[in-house]
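Chemist: Going by the UniProt record's numbering, the first residue of the sequence shown is number 1, and it counts up by one from there.
Note that CB positions come from ideal geometry on N, CA and C, so glycine has one too.
Model, not experiment: these values are computed from the prediction.
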Amino acid sequence: MVAQFDELGLVHPVYATWTLVKHMEEASRKVLLPFLEDDEDAVGHAVNVVHLAPTPVGMRVRVRAVLERVDGRRIHCRLEASNERERIGEGTTIQIVVSRARLREQFLALGAL
Numbered sequence: 001m002v003a004q005f006d007e008l009g010l011v012h013p014v015y016a017t018w019t020l021v022k023h024m025e026e027a028s029r030k031v032l033l034p035f036l037e038d039d040e041d042a043v044g045h046a047v048n049v050v051h052l053a054p055t056p057v058g059m060r061v062r063v064r065a066v067l068e069r070v071d072g073r074r075i076h077c078r079l080e081a082s083n084e085r086e087r088i089g090e091g092t093t094i095q096i097v098v099s100r101a102r103l104r105e106q107f108l109a110l111g112a113l
């Protein structure tokens with residue numbers, strides 16, 4: 001969860017931007033899951049995140065996702081992240097609702113299943 005890369009090692013001993021992005025994408029997925037039909041799933045399409053402030057390891061981070069709008073199959077969420085002291089991030093995600101069967105076919109064709 002810290003800013004660390006495979007080849008470069010530790011960059012900063014604080015909550016990493018890539019972890020913030022992961023937590024934001026996860027929060028936005030949780031928003032739409034209750035509304036999907038049994039034969040539907042959703043895939044990530046776009047993520048836009050601004051990391052505003054550092055957070056020390058061990059400090060609690062809260063990510064809040066709000067459904068902003070639905071454009072056909074595209075689900076837009078607005079996100080905010082805060083630590084115990086301040087706002088640390090903001091962003092948006094777009095997920096696309098897809099057929100589970102079609103997604104499975106695509107994964108099979110790629111050899112991913």
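1. Can you tell me where the alpha helix (DSSP H) with T17 in it begins and where it stops?
2. Leaving out the 5 sequence neighbours to the left and right, which residues in its chain are closer than 6 Å to L113 when beta-carbon positions are compared?
3. Please report how far the alpha carbon of A101 lies from the alpha carbon of A46, in whole angstroms.
4. Report the option in P56, E105, T19 whose CA atom is closest to the CA atom of P13.
5. Which same chain residues end up closer than 6 Å to L103 when comparing Cβ atoms and leaving out the 5 residues on each side of it in sequence?
6. Please return the same chain residues whose Cβ sits closer than 8 Å to the Cβ of V98, not counting the five positions on each side in sequence.
7. Whole angstroms is fine: what's the gap from L10's alpha carbon to L52's?
Modeler: Taking the coordinates as given:
1. As a position in the sequence shown, residue 17 is number 17, starting the count at 1. T17 -> alpha helix (DSSP H) spans 17–32.
2. Along the sequence shown, one-based indexing puts residue 113 at 113. Within the same chain, Cβ atoms closer than 6 Å to the Cβ of L113 are found at F107, the five residues on either side in sequence being excluded.
3. Numbered from 1 along the sequence shown, position 101 holds the residue referred to as residue 101. Numbered from 1 along the sequence shown, position 46 holds the residue referred to as residue 46. Each residue's alpha carbon lies about 22 Å from the other.
4. Counting from one through the sequence shown, the residue named residue 13 turns up at place 13. Minimum Cα distance to P13 is reached at P56.
5. Walking along the sequence shown from the start, residue 103 turns up at place 103. Correct list, in chain order: D41.
6. Counting from 1 along the sequence shown, the entry for residue 98 is found at position 98. Cβ within range, chain order: E40, D41, A42, V43, R73.
7. As a position in the sequence shown, residue 10 is number 10, starting the count at 1. As a position in the sequence shown, residue 52 is number 52, starting the count at 1. Roughly 20 Å between the two C-alpha positions.
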